[in-house]
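The structure appears right after this line, and notes come after that.
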Amino acid sequence: MTATDHARELLQIAAAAADSKQAEDLVALDVSGPLPLTDIFLLATGRNERNVVSIASEIEDKLIEHGVKPLRREGRAEGRWILLDFGDLVVHV
5 MTATDHAREL LQIAAAAADS KQAEDLVALD VSGPLPLTDI FLLATGRNER NVVSIASEIE
65 DKLIEHGVKP LRREGRAEGR WILLDFGDLV VHV
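Under this note's numbering, the final residue of the sequence shown carries the number 97; numbering is consecutive throughout.
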């Protein structure tokens, strides 16, 4: 099984947003086969807590502009690791 077209579109938007905020080590994993909960994980690394928050905020803002709101957010208060769940796409920064 492979990720849906919608999930791949979300991935492109999120990856471009992360890259615009100098995210490092971007990795996309198609997990649609082994995990029924989501299609794609996007992993991104920030250089520091401020950068992590900036990357996550930009991803969220760009996906909201495209009509996709996060279903769940975790870790924003700490800024060391942030998870954004958009259903078909889950982002780990």
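The beta carbon of each residue, even a glycine, is placed where N, CA and C say it ideally should be.
Could you tell me whether the Cβ atoms of residue 6 and residue 92 are closer together than 8 Å? no
Excluding the five sequence neighbours on either side, which residues of its own chain have a C-beta within less than 6 Å of the C-beta of residue 78, listed in chain order? 87
Residue from 41, 50 and 10 whose Cα sits closest to the Cα of residue 96: 50
Between the Cα of residue 52 and those of 84, 62 and 66, spot the shortest distance and give me the residue it belongs to. Selected option, being the one with the closest Cα: 84.
Using the Cβ count rule (16 or more neighbours within 10 Å means buried), how would you classify residue 75? exposed
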